[in-house]
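Heads up: the structure comes next, in structure tokens.
Residue numbers (mature numbering (1 follows the signal peptide of the UniProt record, and there is no 0)): -17 to -1, 1 to 96.
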């Protein structure tokens, strides 16, 4: 019984091909390379707005939802809906706010703020 359980467990773990588990999600650079030129501009604008909101939240010790602009959230949703399936892989399984928060926090720490 133990042996059968070990085989089942090993077989399941080996055959489990979730991209989040195997860390095969694209990096942001790879994501941007998949975009069309007009999508790159939209992504840059939206990312900049979200970073600004995240930086303000970090500096003022606020919840990101308190400073995030509804128009930005709507633009991000429209942008995401317009992406092809393989382009969406970058956003799947990730917390964009958390990643931007870490990026902003690192910038603030390195700048001495």
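We put the beta carbon where it would ideally sit given N, CA and C, even for glycine.
Compare the beta carbon distance of residue 32 and residue 55 with 7 Å and say whether it is the shorter of the two.
Residue mapping note: residue 32 aligns to position 49 of the chain shown, counting from 1. Residue mapping note: residue 55 aligns to position 72 of the chain shown, counting from 1. Cβ distance < 7 Å, so residue 32 and residue 55 count as in contact.
Cβ shell of residue 60 (< 7 Å), same chain only, five flanking positions each side left out
In the chain shown, counting from the first residue as 1, residue 60 sits at position 77. If we look at residue 60 and ignore the five residues flanking it on each side, it has no Cβ neighbours.
Three-state secondary structure assigned by DSSP to residue 72
Position 89 of the chain shown holds residue 72. Reduced to three states, the DSSP call for residue 72 is coil.
Using a Cβ-Cβ distance under 7 Å, would residue 73 count as near chain D?
Included in the structure is just one protein chain, with no chain D present.
Once DSSP output is grouped into helix, strand and coil, what is the label at residue 10?
Residue mapping note: residue 10 aligns to position 27 of the chain shown, counting from 1. If DSSP states are grouped into helix, strand and coil, residue 10 belongs with coil.
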